[in-house]
Each structure stands twice: as C-alpha cells, then as structure tokens.
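Trainee: Have a look at this one before I ask anything.
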Amino acid sequence: MTAVEARGITFAYGDRPVVEGVTLDVAEGAFLGLVGPNGSGKTTLLELLIGLRRPDSGSVTLFGEPAHRFADGERIGYVPQNVTTANDGLPITVEEVVRMGRYPHRWIGRFDGDDRRAVRTALDRVGITDLADRRVGRLSGGQRQRVFIARALASEADLLALDEPTVGVDAESREAFYDLLRTLNDDGLTIVLVEHDIGVVTTHATEVACLDRTLFFHGDPDTFVETDALAEAYGGSHGVVHHDH
Ligand code: ADP
C-alpha cells in the first residue's frame, strides 16, 4: 500500500501560493528526503502530506484514506521543527513523554504489560533507556529529538514525519541521529524528512523530492545529484540560499 498519495495539491497562505500542483507518492518503507531552498514550502507540504493542513485543491490520501478524515492519528509520528526549545522547563520525564504514545490505545482501561513493553522497546531502539527518568527540559536538542521519535515508536507509528530535526545539533550527534533514522527505516518505518542539508538527504534517504513551490524532482538520490534539478531549484548554489518570491 502507498503511505501517502498527494494528487495535484495546491495551498496558499491568503493570496500567496506556497505549494502548487504537487503530485507525490510516498511508498510504504520509503525514506523520502524533502529538500528545497528556504521558504520553498517544505514545512507546508509536510503538513499537507500528513493531514495537518488541508489543500485548497487536489487531494491527499494517507494509507488509503482521505488525509483530513484520517482517524488513526497515532499511525503518524510527527516531529515538528523546534522541539528543541518548545518544551524547556516542562517538569516531565522522558518516560512520561514516551508513555503518551500509548494513550491513544488506552482511553479505557489501564496501562498494561504490553504498554510497558512498548515503552521500554521504544526507549531502547532510539538509545535513550538511560535517560528514562530525566526531565525532557534538561536534555540536549539531539536527545529531545530521540524522545519524540521514541514516542512515535511506542504508538506503533507507520510513518514518521520530521521537519529539520537537527537544527542546532552538533555534527557528531547529527550523524548518529541520521544513522538512527536509517536503522528505523531498514526496520520498516516509512520516513519523510524535511531537510535543508542536501548532503544529509543524498547520503541517508532512499529517495529525494525537491520543492520550490512546485515539485522539481522526485527520484533516487544519485539521479538527483546528476541532474539539473538541483541547480534549477537552488540557482546553482549549494550554500546559503536567499529566496524571495
Ligand atoms: P520552508 O519549510 O521550505 O522554509 P514554509 O512551508 O515554512 O517553507 O514556508 C513557505 C512560505 O510560506 C514562506 O514564504 C513562509 O514565509 C510562508 N509561510 C509559512 N507559514 C506561514 C503562515 N502560517 N502564514 C503565512 N505565511 C506563511
């Protein structure tokens, strides 16, 4: 089954079009890197793909259901931008956050052995078992990203959507973080990653989509590097991109 099917989707903030005529499939098991210059609509497209926004026209299907009616929210794990600063000072532990991933299954009844196992396994898979009792507000950016991923794993999400997850994370932790995503993807998790660093995407993702309001390219990373899509979208520059619409 296809995880996400976007058909000719268009979205504008007021009268300002940000996403135009995007048609994109994300197969189950894919690791899609979504790249493009600053302000090219990546975050907006990600939100459209997982049903957080509704397109002005066109349609999005999540696991075969219309995205805006998709009721099985826990199947989608979303790690938004800036989780690194969003929860400063929250007196909540890592384990408590990860346990939240189980609550969708537990509106009735109590937290049982399956839930406890799911939480333990999730912490272990992302390598933060030793942080279980730490307060989230005290963690580094990279550690916090892992907490949010563990929460998604605890809820048995099938799709993980991440928006520039390693902004402000040091180089070594970044590498470890993307290695983790690779491992999770190898284990079957579908991943959509918004990322401004093209090197990260061409190294770790299995496919690349390049956006600049419209979709320039969707295919494998090697082809992306070899074709003109990159230069076309980035005006030939791989560095800091200034982009005014
Ligand atoms: P990217 O993730 O590629 O940087 P975004 O999807 O965040 O792109 O933004 C695309 C464009 O839409 C940018 O020009 C941005 O300023 C604008 N934009 C983003 N969010 C909003 C909003 N909530 N209201 C109005 N304009 C927005």
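Taking full-length UniProt numbering as reference, the numbering of the sequence shown is continuous, increasing by one, and the terminal residue is 245. For each residue, glycine too, the CB sits at the ideal point set by N, CA and C. Please read all numbers here as calculations on a predicted model, not as lab measurements.
What residue range is occupied by the uninterrupted alpha helix (DSSP H) comprising residue 249?
Mentor: Residue 249 falls outside the range modelled here, since the chain spans only 1 to 245, and no answer is possible.
Trainee: Mind checking whether I92 and P55 have CB atoms under 8 Å apart?
Mentor: For I92 and P55, no; Cβs fall outside 8 Å.
Trainee: Helix, strand or coil for I198 per DSSP?
Mentor: helix
Trainee: Using a Cβ-Cβ cut-off of 7 Å (strictly less than) and excluding sequence neighbours within five positions of D212, which residues of its own chain qualify?
Mentor: G36, P37, S40, A233
Trainee: Under 7 Å Cβ to Cβ from S237, same chain only, skipping five residues before and after it: list those, please.
Mentor: The predicted position of S237 is uncertain, since its pLDDT is 47 and thus under 50; no value can be drawn from it.
Trainee: Counting only the same chain and skipping the five closest in sequence on each side, list residues whose C-beta sits under 6 Å from that of L159.
Mentor: A3, I76, T190
Trainee: Can you give me the start and stop residues for the alpha helix (DSSP H) that Y103 sits inside?
Mentor: That residue, Y103, is in no alpha helix (DSSP H); it is neither H nor E in DSSP.
Trainee: Tell me the rounded alpha-carbon separation between residue 247 and G113.
Mentor: Since the first residue of the chain shown is 1 and the last is 245, residue 247 is not available in this structure.
Trainee: I think V136 touches L46, with their Cβ atoms under 8 Å apart; what is that distance to the nearest whole Å?
Mentor: Not a contact, Cβ separation roughly 23 Å.
Trainee: Which two residues bound the contiguous alpha helix (DSSP H) that contains E175?
Mentor: 171-186
Trainee: Shortest alpha-carbon distance to A205 belongs to which of L184, L215, T214, F216?
Mentor: Comparing Cα positions, the closest option is L184.
Trainee: Of all the options G33, V119, D25, A122, which has the alpha carbon lying nearest to the alpha carbon of V208?
Mentor: G33
Trainee: Whole angstroms are fine: how far does the CA of V98 sit from the CA of D130?
Mentor: 14 Å
Trainee: Here's a check: name, in chain order, each residue in its chain whose Cβ is nearer than 7 Å to the Cβ of G239, leaving out the five neighbours to either side.
Mentor: Confidence at G239 is low in this model, with a pLDDT of 41, below 50, so its placement is unreliable and no value can be given for it.
Trainee: Which of the three DSSP states, helix, strand or coil, is assigned to I149?
Mentor: It is helical.
Trainee: For V119, report the span of its beta strand (DSSP E) as first-last.
Mentor: Element bounds for V119: not the beta strand (DSSP E) but the alpha helix (DSSP H), 113-125.
Trainee: If you drop the 5 nearest sequence neighbours on each side, which residues of the same chain put their C-beta closer than 8 Å to that of L180?
Mentor: V126, G127, R146, I149
Trainee: Given 7 Å as the limit, tell me if N38 has its C-beta closer than that to any heavy atom belonging to ligand 1.
Mentor: At least one heavy atom of ligand 1 is nearer than 7 Å to the Cβ of N38, so yes.
Trainee: May I ask you to list the residues that DSSP assigns as paired with residue 303?
Mentor: Here the chain has residues from 1 to 245 only, and residue 303 is not among them.
Trainee: Could you tell me the distance, in whole angstroms, from the CA atom of Y13 to the CA atom of R53?
Mentor: 11 Å
Trainee: With a threshold of 7 Å, establish whether the CB of Y78 neighbours any heavy atom of ligand 1.
Mentor: For ligand 1, not one heavy atom lies less than 7 Å from the Cβ of Y78.
Trainee: Specify the secondary structure class of G36 as computed by DSSP and reduced to three states.
Mentor: coil
Trainee: So V225 is in the alpha helix (DSSP H); what residue range does that whole segment cover?
Mentor: It spans 221-226 - the alpha helix (DSSP H) in which V225 sits, taken as one unbroken run.
Trainee: What span of residues does the alpha helix (DSSP H) with E47 cover, start to end?
Mentor: 42-49
Trainee: Thinking C-beta only, is T43 closer than 8 Å to D163?
Mentor: yes
Trainee: So, at 7 Å on beta carbons, what are the nonlocal neighbours of V169 in its own chain, with the 5 sequence-adjacent residues on each side left out?
Mentor: G141, G142, F177
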